[in-house]
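These notes are about the structure you will find just below.
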Amino acid sequence: MTQEKLPHHSHGLSEIEQRVKNLENLLVEKGLVNPQAMDELVDTYEHRVGPQNGARVVARAWVDPEYRQRLLSSATDAIMEMGYKGRQGEHMQAVENTDEVHNMVVCTLCSCYPWPVLGLPPTWYKASSYRARAVSEPRAVLAEFGVELDPQKEVRVWDSTSEIRYLVLPQRPENTENLSEEQLADLVNRDSMIGVALADSPEINQKERK
Amino acid sequence: MTQEKLPHHSHGLSEIEQRVKNLENLLVEKGLVNPQAMDELVDTYEHRVGPQNGARVVARAWVDPEYRQRLLSSATDAIMEMGYKGRQGEHMQAVENTDEVHNMVVCTLCSCYPWPVLGLPPTWYKASSYRARAVSEPRAVLAEFGVELDPQKEVRVWDSTSEIRYLVLPQRPENTENLSEEQLADLVNRDSMIGVALADSPEINQKERK
Amino acid sequence: MNSTHDLGGMHGFGPIDRGQEAHFPTQWEQKVFGLTLACGMLGQWNLDESRFAREQMDPGDYLNSSYYEHWLHGLEKLLVDKGVVTATELESGQAEETSALNAVTADRVPDILGRGAPTRMDCDSAPGFAVGDEVRVKNFNPQSHTRAPRYIRGRKGIIAAYYGAHIFPDQHSVSGRKIPAHLYSMRFEFDELWGGSGVCEQGSDAGEGDKLAVYVDVFEPYIEQ
Amino acid sequence: MNSTHDLGGMHGFGPIDRGQEAHFPTQWEQKVFGLTLACGMLGQWNLDESRFAREQMDPGDYLNSSYYEHWLHGLEKLLVDKGVVTATELESGQAEETSALNAVTADRVPDILGRGAPTRMDCDSAPGFAVGDEVRVKNFNPQSHTRAPRYIRGRKGIIAAYYGAHIFPDQHSVSGRKIPAHLYSMRFEFDELWGGSGVCEQGSDAGEGDKLAVYVDVFEPYIEQ
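Protein chains in written order, with this note's numbering: chain A, 5 to 214; chain B, 5 to 214; chain C, 5 to 229; chain D, 5 to 229.
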């Protein structure tokens, strides 16, 4: 009887692993999910789409004033020019960091994030602490990320409550006049496009970057 | 090694039982808690203080107009006249149900409750659902308790956010003109003094009451 | 502190479960009750500090645990924070240091409970508001303890009663200092708290709006004209 | 819906844990991601319904579980609520009925992802507000889905941008109907959201008030002059 009632619980799987496995089996068996389509979905966001896309957008905006202007006025189109579009990036908005303003992005209600340019969000972006605190104590949050801004610099927090997705355009680091667009893209770390980091300095040890 | 690290975990106690047992042992060993004093505290609120106290207050207010007046104007003193006072009843306020107004009491922030007249609160009074809903959907809550009021009757919800403790003075049921004060007290169920029930009718099967 | 203890107006908890009536379903709850009251009588903390200690439980754990687990969390935290026991002692359950404090004995319990802990105080200043005044609760969001629930912040109402000056819990919970603050009962119309017909009719609480009012005790520093 | 998913301004969660970087720490999370997207492509529900399904998780469980447990909860709920699988099938993991729906095949995935699901719509009416207008978010507390977080309700701000009309999620999540609503970016000064010097200095967020603003996307039905 016990074996009949718990037919799948004998493989050393945790409760949630078993629950997901049962669900997958059911959905495949009913023809509702195609395993190859699932693999394609996972592979797309685990390996192909990621912050390297956003970094190329940012680097181009740094070197090409007209592109920067298009990015700030029509981000969705400007990003599509670079080949990035679709799910969770249907309506993009770029927000530019300047000497006067620093921008950071959060989704307090769930975890909205611009997939086509940044890939899937990091765990901390989805966690309660960041979602709770980014809007109510942004300077303390930035300090935890190691970012200490001039108190005279305005901090703007963008809460992604609609289908608009925000990309922070970080400030171009100093002493990068001689770098190529590709070299510049290497300085654009993911967190700088969420607004919880600055772009890397060219001197920084490349291995320290995320 | 395992036995040394988990010296007390071999008696079939749950984790929390073990945690409480350890704490009790520690506090008694350090002379911070006297076991007889603990027994006295538990016995007081488990067996001696309870809603029978409040019921006597209510019944007296029903039969004695001057006492009713004192109860409504100076509840702490009026209740002390009946011998009930102290912890969680230092500052009492009585709120009277009438043909126009029905009162109910909640503590949304913790579970404040008038111990000297009602004893310790029932589990549902301390639970998230009651604390969340009493202030935002009181009629739906009352309906779950089986109380359907005339929509023309005003419902007042009292959220106990300070050290003031509220006692609802329920309406005297009909056809009770010939009952004694003691018989009337038998009709005053606990929930009617929280405001999620009415006082019992004299016809009701006494066993159904709480 | 905006945490999950502040439950007024929250959704998703389902119907009220009236099934459990015993005060102490099992013995450990009874012991936590007794230990909490007995330790409170050591005089090392006040009731507002107890409430704040319980509120500082992890927000998810607070909702997922029972009432006396909140008390147990608060008691353990206060015992260690106030230096009554050490973290090591708490962990091991074995006493390592003697305490200068003395347990309250059983014979003193009835008198201590009977006296309670009145919070009414004298106050030099006159109350700033009178019954009938229309006032608004300030919008403030302290990380420390407050007895102004979120659902009344920023909302208007009428002073319905004046209760005298009482110990101000926001200060009492942090410093232990007993500062008097005038205390009022404030009446809020239901629609002021929860919105009228609203932007989306489905499942709105606002349908309840007729002939409903919520009375909340507010300390004078919470409110403004 | 006022539940624990609405986290803006909540306290007690401690520092941000940056330790975990893998998108899918273990295989089940990866599978939940893939199953959720694949099932979404069956066209039986929309993204707002997905969000609402996740929000309806038990409030304590929501906080005490990981991100993909929210997704799993939402997926299971939608599959059953929409009649795609039966509760018995979900429980047993064994198919009992055949389905008329057909799985999306791998070759169609890139195109579907590339198209996404734009929410911009034509709208007959002109926007009611212009950039620079001072407006206030209504105070409303629906038990149904809304994208107006609690911390902006009742608060004033300035229209900072107009984004065109988009599908109104409060309606879309309940009925599936695509009703256009004008969408704005609204700028809130920090002190308007969280209070100024406040009533109790200790640990107040308000100390951060200088040179801080929060921008929130708001649909026109949320706001009023």
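Every residue gets a Cβ at the ideal spot worked out from N, C-alpha and C, and that includes glycine.
Find out if the Cβ-Cβ distance for the pair residue i, residue j is shorter than 9 angstroms.
i	j	result
R135/A	S115/A	yes
S140/A	G13/D	yes
E80/D	L183/A	no
V159/B	K215/C	yes
T112/A	G93/A	no
L122/B	G58/B	yes
A65/B	F149/B	no
P153/C	T165/B	yes
G64/D	L30/A	no
N107/B	A42/C	no
Y155/D	Y188/D	no
Y66/C	S7/C	yes
V84/C	L94/C	yes
T40/D	G78/D	yes
T123/C	H51/B	no
Y49/B	L124/B	yes
V109/A	V67/A	no
Q24/D	T127/A	yes
G90/B	P55/B	no
V24/B	W32/C	yes
S132/A	F17/D	yes
E228/C	R140/C	yes
Leaving out five residues before and five after residue i in sequence, what residues of the same chain have Cβ atoms less than 8 angstroms from its Cβ?
i	result
G180/C	W49, N50, E53
A26/C	none
P173/C	D52, R55, H149, T150, R151, F223
P177/B	L191, L202, A203, D204, S205, P206
D221/C	R151, Y167, L187, Y188, S189, M190
State yes or no: is the beta carbon of residue i nearer than 9 angstroms to at least one beta carbon in chain C?
i	result
S205/B	no
G180/D	no
T102/B	no
S208/D	With a pLDDT of 46 at S208/D, under the threshold of 50, the modelled position of that residue is not reliable, and no figure is offered here.
E152/B	no
L202/B	no
E196/D	yes
Does the CB of residue i have a neighbour CB from chain A at under 9 angstroms?
i	result
E205/D	Because E205/D carries a pLDDT of 48, less than 50, the predicted location of this residue cannot be relied on, and no value is offered for it.
R159/D	no
D214/D	yes
Leaving out the 5 sequence neighbours to the left and right, which residues in its chain are closer than 7 angstroms to residue i when beta-carbon positions are compared?
i	result
A63/B	E185, L188, A189, V192
E100/B	L76, L173
R191/C	G161, I162, A164, A217, Y219
K130/B	S115
M45/D	V108, I116
G207/C	With a pLDDT of only 45 at G207/C, under the threshold of 50, the placement of this residue in the model should not be trusted; the figure read from the coordinates follows. There are no such residues.
Quick check: is the beta carbon of residue i nearer than 9 angstroms to any beta carbon in chain D?
i	result
V139/A	yes
E95/C	no
I20/A	yes
G78/C	no
P155/A	yes
Sorted by chain position, which residues of the same chain lie with C-beta nearer than 6 angstroms to residue i's C-beta, five sequence neighbours on each side aside?
i	result
C127/C	A169, P184
D195/B	A201
F144/D	none
E205/C	Only weak support exists for where E205/C lies, its pLDDT of 48 falling under 50; the coordinates are left without a value.
S177/D	D52, E53, F56, H149
R72/A	A65
Determine whether the Cβ of residue i lies closer than 9 angstroms to any Cβ atom of chain B.
i	result
V84/C	no
A91/C	no
Output needed in chain order: residues of the stretch 161-172 of chain A with a Cβ under 8 angstroms from some Cβ in chain D. Cβ contacts with chain D come from V161, W162, D163, S164, T165, S166, E167, I168.
Is the number of C-beta pairs between the stretch 23-37 of chain D and the stretch 68-76 of chain D that are closer than 8 angstroms three or more? Taking one beta carbon from each stretch, the stretch 23-37 of chain D and the stretch 68-76 of chain D have 3 or more pairs nearer than 8 angstroms; the two touch.
The stretch 124-148 of chain C: which residues have C-beta closer than 9 angstroms to a C-beta of chain D, in chain order? Answer in chain order: K142, N143, F144, N145, P146, Q147, S148.
Under 8 angstroms (Cβ pairs) to chain C, residues found in the stretch 121-136 of chain B: Answer set for the stretch 121-136 of chain B: G123, L124, P126, T127, W128, K130, A131, S132, S133, Y134, R135, A136.
Along the stretch 41-65 of chain C, where does the CB come closer than 9 angstroms to a CB of chain D? Name the residues. Residues E59, Q60, M61, D62, P63, G64, D65.
Short of 7 angstroms Cβ to Cβ, which residues in the stretch 8-20 of chain D face chain C? The stretch 8-20 of chain D vs chain C, Cβ under 7 angstroms: T8, G13, M14, H15, G16, F17.
Within 9 angstroms of chain D by C-beta, residues of the stretch 28-49 of chain A in sequence order: For chain D, the residues of the stretch 28-49 of chain A that bring a beta carbon within less than 9 angstroms of one of its beta carbons are E28, N29, L30, L31, V32, E33, K34, G35, L36, V37, N38, P39, Q40, A41, M42, D43, E44, L45, V46, T48, Y49, in chain order.
Contact list for the stretch 175-190 of chain A against chain D, Cβ threshold 9 angstroms: Taking 9 angstroms as the cut-off between beta carbons, none of the residues of the stretch 175-190 of chain A comes near chain D.
Note down, in chain order, all residues in the stretch 71-83 of chain A with a beta-carbon under 8 angstroms from any beta-carbon belonging to chain D. Taking 8 angstroms as the Cβ-Cβ cut-off against chain D, none of the residues of the stretch 71-83 of chain A qualify.
Selection of the stretch 162-193 of chain C by Cβ proximity to chain B, strictly under 7 angstroms: Cβ contacts with chain B: Y167, H170, L187.
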